[in-house]
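Numbering (full-length UniProt numbering), first residue to last: 1 to 497.
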């Protein structure tokens, strides 16, 4: 279902204003038009309501449409504003666009002009809401990324420009603004293949992952870029994705491969059947499974029937076969049930040895216990769900701050108490926001500084609502830390008491 669109129309000719309102509401039943005859009256409406779009005449007594536009932009930098004037010129149009007008339209004779105006309004509002949703999604991504060393990026495929968060790419520790600047950081030997992977995916629309080497702090490091192409209607195509450093993962893999060559862990050779009967198995079999290697070598137990989790058996079989249909080796993660009936996660990497006629016959590979890694992933997912539940709790006022107390986001409940919106609050220092009176700022600064050092700070305060009525709250400012205990951001939450 389409959303309603509230339009504020300001024109000193009341009869024309009413005519425009009639035609717009007739043209699109989603429109509700409020008509005012002066800039002053239009500003009064904005003090109490937030329309989806403003349409304004240019020539009006006392203050013209450009004056109105400039005052609107002081409070609402992105709100759609269409200058709809009877006496236009290229100079007026240029001034309007320079001042931040969304669109410029000259009045014409006949009713077709109202259809055109309705389309311009609808397009402007759709773009505005799409951008607002994108900004909200960006804020959520920024919160998640604060606990990682990854960078989220978007690339304009047409211009090759890139927008990366954080601004200083944590992988290369430099500012990246274009694909060429990104490729300049990639090891020369990997640069061509990396660029080809990115550009090929942009043309095909496929998702992609590419790994590359780069130098940082006089050391050779590894990075990984994963992305996909997005093509919205009437918008330029973009690629978006994540770039992260995988040096540590690569080093772990290298060490693991070295260990495999010296036969630690589980190293196996088995028949290619759903039961995976072992021809040979050695290494830390008992540590991982609770069973001895002899249990499998004598076929007392089979890996497929007795170890792989019943719910994963079919998927493991299908995944390995699907991979081997096009490749010589495979990787798969799945659950196992140990001798004491506990469940673990393992990662398996192997290769196929085929018969003379090409049929899969024997698999050789290694198996590693990744239970701890999976538990970390699940813990991160639980923490994210908890945060979403907290952030969207209608009974709590919640603000997400950086370590310096700058507001990154606030929830809907919090802004309902003040005469402001989430967009205008973002980027403000917390103690300069409308919730706090001047005599509370000093204490709040101290609370934020204490929380930034890792302290869990409880407080009580009195806020003043937009109606002037006071509200007493009990709240807490809690630090968000990484695994090492470093404070990444702060969450301030309060409940009315």
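Ideal Cβ positions, reconstructed from N, Cα and C, are used throughout, including at glycine.
Return the CA-CA distance between residue i and residue j, expressed in angstroms with no decimal places.
| i | j | result |
| --- | --- | --- |
| residue 1 | residue 31 | Since pLDDT at residue 1 reaches only 46, below the 50 mark, its modelled position is unreliable, and the value read off the structure follows with that caveat. Answer to the nearest angstrom: the Cα atoms are 14 Å apart. |
| residue 464 | residue 456 | 25 Å |
| residue 252 | residue 194 | 23 Å |
| residue 20 | residue 435 | 40 Å |
| residue 122 | residue 449 | 46 Å |
| residue 411 | residue 133 | 14 Å |
| residue 160 | residue 206 | 18 Å |
| residue 497 | residue 461 | 10 Å |
| residue 381 | residue 171 | 23 Å |
| residue 369 | residue 466 | 57 Å |
| residue 495 | residue 23 | 47 Å |
| residue 226 | residue 399 | 31 Å |
| residue 27 | residue 118 | 7 Å |
| residue 65 | residue 5 | 21 Å |
| residue 83 | residue 90 | 13 Å |
| residue 426 | residue 307 | 52 Å |
| residue 187 | residue 313 | 41 Å |
| residue 396 | residue 51 | 27 Å |
| residue 358 | residue 387 | 52 Å |
| residue 389 | residue 11 | 46 Å |
| residue 480 | residue 454 | 8 Å |
Are the beta-carbon atoms of residue i and residue j separated by less than 8 Å?
| i | j | result |
| --- | --- | --- |
| residue 346 | residue 288 | yes |
| residue 85 | residue 58 | yes |
| residue 415 | residue 422 | yes |
| residue 339 | residue 290 | yes |
| residue 99 | residue 73 | yes |
| residue 131 | residue 185 | no |
| residue 475 | residue 492 | yes |
| residue 489 | residue 402 | yes |
| residue 209 | residue 153 | no |
| residue 166 | residue 189 | no |
| residue 60 | residue 33 | no |
| residue 353 | residue 344 | no |
| residue 35 | residue 18 | yes |
| residue 364 | residue 351 | yes |
| residue 229 | residue 201 | yes |
| residue 9 | residue 45 | no |
| residue 274 | residue 317 | yes |
Please list the terminal residues of the continuous alpha helix (DSSP H) segment that includes residue i.
| i | result |
| --- | --- |
| residue 188 | 188–204 |
| residue 320 | 313–324 |
| residue 93 | 90–98 |
| residue 286 | 285–289 |
| residue 72 | 65–75 |
| residue 444 | 441–452 |
| residue 498 | No information on residue 498 is available, as it lies outside the stretch 1 to 497 that the chain covers here. |
Residue i bridges to which residues according to DSSP?
| i | result |
| --- | --- |
| residue 208 | 227 |
| residue 222 | 213 |
| residue 84 | 105 |
| residue 241 | 153, 227 |
| residue 460 | 474 |
| residue 57 | According to DSSP, residue 57 bridges with nothing at all. |
| residue 481 | 487 |
| residue 504 | Residue 504 lies beyond the stretch modelled for the chain, which goes from 1 to 497, so this question has no answer here. |
| residue 254 | Answer is none; residue 254 lacks a bridge partner. |
| residue 5 | 31 |
| residue 175 | 168 |
| residue 282 | 267 |
| residue 308 | 336 |
| residue 429 | 406 |
Which residues mark the beginning and the end of the beta strand (DSSP E) in which residue i is found?
| i | result |
| --- | --- |
| residue 425 | Element bounds for residue 425: not the beta strand (DSSP E) but the alpha helix (DSSP H), 422–425. |
| residue 184 | From DSSP, residue 184 is part of no beta strand (DSSP E) but of the alpha helix (DSSP H) over 179–185. |
| residue 163 | 162–165 |
| residue 271 | 266–271 |
Answer yes or no: the CB of residue i versus the heavy atoms of the ligand MG, is any distance below 7 Å?
| i | result |
| --- | --- |
| residue 31 | With respect to the ligand MG, the structure offers nothing, as it holds no ligand at all. |
Mind listing, in chain order, the continuous beta strand (DSSP E) runs of no fewer than 3 residues lying wholly within the UniProt domain "PAC" (330–382)?
343–354, 360–369
Contiguous beta strand (DSSP E) assignments of at least 3 residues, all confined to the region 11–42:
31–36
Please specify which runs of the beta strand (DSSP E), each continuous and at least 3 residues long, are wholly inside the region 392–419, giving them in chain order.
397–401, 407–410
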